[in-house]
Amino acid sequence: MTLVKKSSSTNNANHAQGGSLRKGLNRIATATINRRGFLIRAGVTAGAGLMARHLPFNVIEPAAAAEPVNTVGPANTELKHTVCSHCSVGCSVDAIVHNGVWVRQETAFDSPLNMGAHCAKGASVREHGHGEHRLRYPMKLVNGKYQRISWDQALNEVGDKLLQLRQQAGPDSIFWIGSSKHNNEQAYLMRKFVSMWGSNNTDHQARICHSTTVAGVAQTYGYGAMTNSFNDLHNSKAVLFIGSNPSEAHPISMLHFLHAKELGAKMIVVDPRFTRTARFAHHYVRIRPGTDIAFVWGLLWHIFENGWEDKEFIAARTYGMEEVRREVAKWTPQKVSDVTGVPEAAVRQAAEMLAKNRPSSVVWCMGITQHHVGTANVRSLSILQLALGNIGTAGGGANIYRGHDNVQGATDVGPNPDSLPGYYGLAEGAWKHFAKVWGVDYEWLLSRYGSKELMEKPGTTVSRWFDGVLEKNDYVDQPSNFRAVVYWGHAPNSQTRLPDMKAAMQKLDMLVVIDPYPTMTAAMHGRKDGVYLLPATTQFETQGSCTASNRSIQWRERVIQPLFECKTDHEIMYLFAKKFGFADELCRNIKVVNNEPVIEDILREINRSCWTIGYTGCSPERLKLHMHNKHTFNPTTLRAEHGPCKGDYYGLPWPCWGTPEMKHPGTPILYDLSKPISEGGLPFRANWGVEYKGESLLAADGSTNMDSEIDTGYPEFDHIFLKRLGWWAELTPEEQAAAEGKNWKTDLSGGIIRVAIKHGCAPYGNARARCHVWNFPDPVPVHREPLMSPRRDLVKQYPTYDDKAAFWRLPTLYKSVQAKDFSQDYPLIMTSGRLVEYEGGGDETRSNPWLAELQQAMFVEISPQDAMQIGVQTKEFVWVETPSGARLKVHAMVTPRVPQGTVWMPYHFGGWWMGEDLRKNYPDGAAPIVLGEAANTGWTYGYDAVTMMQETKVSLCRVVRV
Ligand code: SF4
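Be aware that the sequence shown starts at 0, since it is given in numbering that gives the first Met the number 0, and climbs by one per residue.
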């Protein structure tokens, strides 16, 4: 659905966009695939297949047969295996390269993840690699204009300024925004780089898409990740999609779900908006934004009332369900209906469908996570799956679809402000572990920081860095405010409160962008100088591993050499480390060739360090073997049935325990007792002690993995436990030397893990999942009205949290924001989401001519009733005005997809600023083809009470005619 006729600039209300679009299309006139071919291969092809029955017959034309995948043509032509860099489904791409030029791409029919399908974004990644709108050389802002400079000048000027600020204000005065689009090795190197700089002020996209998921499921089950896989949905008998619209956000994942639906699986979709996913549903439930916990407790009310819960599972494998029962008992059908807006019968129907069609799965995404109660939302769904006994079983699970292609991996091993790679935390023991792995003295690392306290204190988050600039220093919980920010592969328009961000950008001493694209940062800052743009390569100009949403780790081959003057991110890190004087420490165990740290060596260092999450068995050699033998893996189980990977699960989904030599096959389904640990089974993790207030936290007797030699719950393994069990002697003398005084996470030999698994035990213990998380603001989730609630009558009964003084180093407001009633002046609920054509902040995809043609203008969806009241029609410009004072000039799209009283906007647009087109502010030729208002310019204040996730799913606005 688009607002303007495709390929028609005369119909385009934004003529500038139309002109650019034509130019973009002209540029690629010599490309190797025409528009029709693109649309056929795009999934628009998957979509077309799925949608065919809804189209009139004259719309469907016969498709010409594609050339065979492995026909690579004449000499000097190579087939390179890579992975789409847009979303976390992990679709493989076969790239055909002739004389070093990427001439064609195919869809990788042999990948068990995408089975020959791509969505529109994946089908056009060649244009991302060979992008015409990319940054080509380093640039510096001089008198408001970007000028070309050399890499030497850029590294020296930026480096000198950062060193000067370090000297004046300390290492914590810089904020380093990393990327969820870096591969695992680059993300890991970035955390190491910032640690050696001497700060924890680093973060990345996961903070503002799934940090609440990571915290919520990790504190309930043990690991912060999706439990099953897209493929495993084949086994589901019912699936609840809540706050998730995979038809647009993760299109190829629908391939797997629709297969299950063909086999009879029931489909429930809960969303305020009737999405493209909702139209497939057997049961669509329209919910008031921000009332997910009330709805989930409503489901559980019926489940408990009817005795549909899995009593045996609850008794053996969970802790604290009684407290949940007490909270759920308050949520009678009538109360749920009043708070959520969902009819009583619809809640009961959803509960019954889930309970009577087991195993049932729950899929969620940012509709659940991006709330000021995001972590509590996540926990309520995690508990629902425990109550139904749907965890640790094929067809069940908490299937959490991550966003960017490597947001899972970058979270696992990358730049997080509260942890070293592998979720090791920031305590002294974690630093000592990594000091040893990195081959540096702990004391030297300590000397890089402002103090030991700052070394062990979580940094600020990407969602709030600008408050770290603007806030009075007295209220900032570190010595200095931020003086410089480095945007290293991150879109600013994916963050809320852009007017505040712009004010902070103006106040900084220096602003640096390192990215293949200039991003909206380059255009929005309003500065005359002090801005640098450094061109980085895409993932197609380097190699390395990335982790799909299901924890499968895939190896991307380098498709083409770096274009223009772009450098790989890890080369840029190395060059800055040289400038800062710690290049030797950064790469002590990593070979460096032509200033580029060798990616395989970085992964080997990850293998040697990240025992906590089993990133240890996935050596570069094993991952490459999987990529070249994709065809041997079963598309339902993901297990290789023959060939050199026989017995492995595709991409060695983590945890892949022990050393690579141990040949652990990976763990396809977390917490699955039906398999031995050595074959991918696991219990819940013993991560919170063995008892709490006298109650055991360990699993009940008999609740253990197949082949376990311990027939009850047990704690995590360490040198003492191993000795008590009499298994210490099974370590080799070398392993004993390394493991003495250590636990399974810090034993660098891997011996403790090896011996535990040999006896059928999980290295991390065998515990109960927690329904009651005593260390969270709400140990059992409770409904809290949104900060911008239109239901003022409910605010008193379900208030938000108290304001916090120092939370991730910043004061954070809750009640004082909620106290003001904006609902009279701003009567519409505002929510946001994704489009199939674009991804993230959209700089890459809006610069892609194939995609730009599909969606040419920013819009707001508004119901026919509200549109009539305002007097506006589709394609007319309106102002969307929000309580922050921001106003967005966007097209109206009148549609019943949204209910009366609610509007919806996509968040991928950028490059306009409250009605002003900023195209002139970009470097020449580097503006995306399509620009538009960023939804987040208007977004209001609100942050999750555990992770500082930003609120983007429920606020208030008014819409007026332009
Ligand atoms: Fe696959 Fe996602 Fe890429 Fe689409 S964007 S091709 S679903 S990985």
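Just so it is clear, CB atoms sit at the ideal spot from N, CA and C, and this is done for glycine as well.
Predicted, not measured: the structure shown is a model, and the values here were computed from it.
Sequence-distant residues of the same chain with beta carbon closer than 6 Å to residue i, five excluded per side
i: His209; result: Thr368, Arg401
i: Thr76; result: His97
i: Val929; result: Gln16, Arg845, Ala851, Gln855
i: Pro619; result: Glu599, Leu602
i: His758; result: Glu708
i: Leu419; result: Ala429, Phe433
i: Ala259; result: Leu232, His233, Ser235
i: Asp202; result: Pro416, Thr460, Val461
i: Asn633; result: Glu640
Exposure label - residue i; buried when at least 16 CB within 10 Å
i: Ala474; result: For the sequence presented, residue 474 should be read as Tyr rather than Ala. Exposed is the call here.
i: Asn588; result: exposed
i: Trp911; result: buried
i: Asp865; result: buried
i: Phe908; result: buried
i: Ala818; result: exposed
i: Ser198; result: buried
i: Ala736; result: exposed
i: Asn142; result: exposed
i: Val92; result: buried
i: Ile241; result: buried
i: Asp583; result: exposed
i: Ser707; result: buried
i: Trp773; result: exposed
i: Asp404; result: buried
i: Pro732; result: exposed
i: Val959; result: exposed
i: Arg684; result: buried
i: Ser149; result: exposed
Sequence-distant residues of the same chain with beta carbon closer than 8 Å to residue i, five excluded per side
i: Leu797; result: According to the sequence provided, residue 797 is Tyr. The question's Leu does not apply to it. Only Val338, Val781, His782, Arg783, Glu784 meet the Cβ criterion.
Helix, strand or coil at residue i [DSSP, three-state]
i: Leu533; result: strand
i: Val592; result: strand
i: Pro682; result: coil
i: Asn389; result: coil
i: Met138; result: strand
i: Ala51; result: Summary for Ala51: the model assigns pLDDT 31, below 50, so the residue's position carries little reliability; its value from the coordinates is reported in the next sentence. Residue state, collapsed to three classes: helix.
i: Glu77; result: strand
i: Val929; result: coil
i: Tyr797; result: coil
i: Asn549; result: coil
i: Lys692; result: coil
i: Ala699; result: coil
i: Ala224; result: coil
i: Phe481; result: coil
i: Glu326; result: helix
i: Ser194; result: helix
i: Leu20; result: Reliability fails at Leu20, whose pLDDT of 38 lies under 50, so the model's placement of it is uncertain and no value is given.
Check whether residue i and residue j have beta carbons under 8 Å apart
i: Val877; j: Val897; result: no
i: Ser235; j: Pro358; result: yes
i: Leu532; j: Pro137; result: yes
i: Pro170; j: Leu637; result: no
i: Arg607; j: Tyr318; result: no
i: Gly764; j: Glu715; result: yes
i: Thr635; j: Ser831; result: no
i: Leu239; j: Gly529; result: no
Neighbour flag for residue i against chain B, beta carbons, 8 Å
i: Lys120; result: No chain B is present in this structure, which holds just one protein chain.
Own chain residues within Cβ distance below 7 Å of residue i, not counting five before or after
i: Asn492; result: Met519, Gly840, Gly909, Ala933, Asn935
i: Glu678; result: Pro664
Quick check: the segment 352-359 against the segment 385-402, are there 3 or more CB pairs under 8 Å? Counting Cβ pairs under 8 Å, three or more are found: they touch.
* Asked: Quick one: any contact between the segment 174-181 and the segment 483-492, if contact means 3 or more CB pairs under 8 Å?
  -> Counting C-beta pairs with one atom in each stretch, the segment 174-181 and the segment 483-492 have three or more that are closer than 8 Å, which means they touch.
(message) Could you check whether the segment 201-221 touches the segment 934-950, counting it as contact only if at least three pairs of C-beta atoms, one from each stretch, sit closer than 8 Å?
(response) These segments touch.
Practice problem: State whether the segment 278-289 contacts the segment 263-270, with contact taken as three or more CB pairs (one from each stretch) at a distance under 8 Å. | Solution: Yes: the two stretches touch, three or more of their Cβ pairs being nearer than 8 Å.
Note to self: Would you call the segment 518-531 in contact with the segment 371-379, where contact means no fewer than 3 C-beta pairs closer than 8 Å?
What the structure shows: Touching, no, given that fewer than three Cβ pairs across the two stretches are closer than 8 Å.
Would you call the segment 431-447 and the segment 463-482 touching, i.e. three or more CB-CB distances under 8 Å? Here the segment 431-447 does not lie against the segment 463-482, with fewer than 3 beta-carbon pairs under 8 Å apart.
May I ask you to verify whether the segment 787-803 touches the segment 445-459, counting CB pairs closer than 8 Å and requiring at least 3? Contact annotation: the segment 787-803 does not touch the segment 445-459, with fewer than three C-beta pairs closer than 8 Å.
Taking 8 Å as the threshold, find out whether the segment 882-894 comes into contact with the segment 805-816 through three or more Cβ pairs.
With the cut-off at 8 Å, the segment 882-894 and the segment 805-816 do not touch.
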